[in-house]
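Just below is one structure, and these are the notes that go with it.
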Amino acid sequence: MEGVRPWLRGAPWVIGAFILTLILRAPAAWLPLPSQGPVSFSGTAGHLLRGESQLTYRGQGLGTVRWDVGLPRSLDGVPVTLSLQGPALQGTAEAELSPSAWRATVQRLTLDSRALKDALAPYAIAPEGTLQGRDLMLSGRGNELESAAGALRWTGGLVRYRLGGNSYAPTFPPLSATLAPGPGGQLEAEVSAPSGPVLSLALRPGGWVDLAVRRRLLRLADFPAPEGVGDDTVLLELSERVL
768 MEGVRPWLRG APWVIGAFIL TLILRAPAAW LPLPSQGPVS FSGTAGHLLR GESQLTYRGQ
828 GLGTVRWDVG LPRSLDGVPV TLSLQGPALQ GTAEAELSPS AWRATVQRLT LDSRALKDAL
888 APYAIAPEGT LQGRDLMLSG RGNELESAAG ALRWTGGLVR YRLGGNSYAP TFPPLSATLA
948 PGPGGQLEAE VSAPSGPVLS LALRPGGWVD LAVRRRLLRL ADFPAPEGVG DDTVLLELSE
1008 RVL
C-alpha cells in the first residue's frame, strides 16, 4: 500500500493531463456549429482550439472563418481571435466566450459589391460600392445578436433594382449607419446620407428587423415619392426576418 499511495497522490495530475490532451487534440468537427439555417458552417477542420470552417449565409458562401482560442485572462470568458477571409468579404475580430453569453470587437470589416449583391439578390437589389466597418462592439447569447455599437460606411455608387415591375438605376451618395442599443436594449441603427437620415431599423428577437423608410430614400432612389411632405417623413414601415 505504501507504494500505491504516491501513485494515488499523482493520479489527479495524470488524469488532468490526459483530459487536457484530449481537449487540445479534439477535432474542430466536434463544435456544435449549425449546418442548416440562414447562417451555416461546413467543411470544419483543425482542432477545438485552432481551426477553420466555411461560412454560408442563405446559401451564399462568404468565406473561411478561422479561430484561435487563447488562455482565459479572467472569469468573464475565453478569448478567441477570429478572422473571415472570402473573395468578397474580409474581417477580423477579438471575442470573449462564456457558457451564457458572448461579446466581440470587430476590428475590421469589408464587404465589396459581390457580397452586397449576393445578400440583396432576394430583394432584386444590386448595389456597387464597398461597405466598411471598424471597431464594432457586438454582444449576444447563443446564436442571437442582442446589442451592437459602432459605425458602418458604404462608399455609394450605382444601385440597380426592380420594384413594381419597373427597373431603376440611380447613383447614390455615400451612406453611413450608426449602431447603438435602443431603449429596450435591442440593436437600432440610423442610416444617413450627407443630406440627412434615409432609413431606421431595429433588430427584434428571432432575427426580425423593423424598417422605417423616409421620403429622402425614395428621392435618392429615383422612385416616385409623394409631394407636400418633408424628406424626413417616414413613408413606409415593414418587417423582415434576416437571421
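Quick note: the sequence shown uses the numbering used here, first residue 768, plus one each step.
Even for Gly, the Cβ is constructed at its ideal location relative to N, Cα and C.
Since the structure is predicted, the reported quantities are computational estimates derived from the model, not experimental observations.
Asked                                                                                                                                                                    : Found
Put Val1001 into one of helix, strand or coil per three-state DSSP.                                                                                                      : strand
Once you ignore the five residues that flank Leu1005 on each side, which residues in its own chain have a CB closer than 7 Å to its CB?                                  : Leu978
With DSSP collapsed to three states, give me the class of Leu978.                                                                                                        : strand
Could you tell me the distance, in whole angstroms, from the CA atom of Asp998 to the CA atom of Arg981?                                                                 : 6 Å
Are Glu863 and Gln874 touching if we call contact CB-CB under 8 Å?                                                                                                       : no
Ser967 lies in the beta strand (DSSP E); which residues open and close that run?                                                                                         : 963–971
Taking DSSP as the reference, what is the three-state secondary structure of Leu905?                                                                                     : strand
Near Ile892, what residues of its chain come up, given a Cβ to Cβ distance below 6 Å and the 5 sequence neighbours on each side ignored?                                 : Tyr928
Using a threshold of 7 Å, is the CB atom of Phe808 nearer than that to any non-hydrogen atom of the ligand PLP?                                                          : This structure does not include the ligand PLP; it has no bound ligands of any sort.
Counting Cβ pairs, one atom from each stretch, are 3 or more of them under 8 Å apart for the stretch 915–926 and the stretch 895–905?                                    : yes
Which residues share a DSSP beta bridge with Phe990?                                                                                                                     : Bridge partners of Phe990: none, in fact.
Enumerate in chain order the residues of its own chain whose CB-to-CB distance from Arg986 is below 7 Å, with the five nearest sequence positions on each side excluded. : Ala992, Asp998
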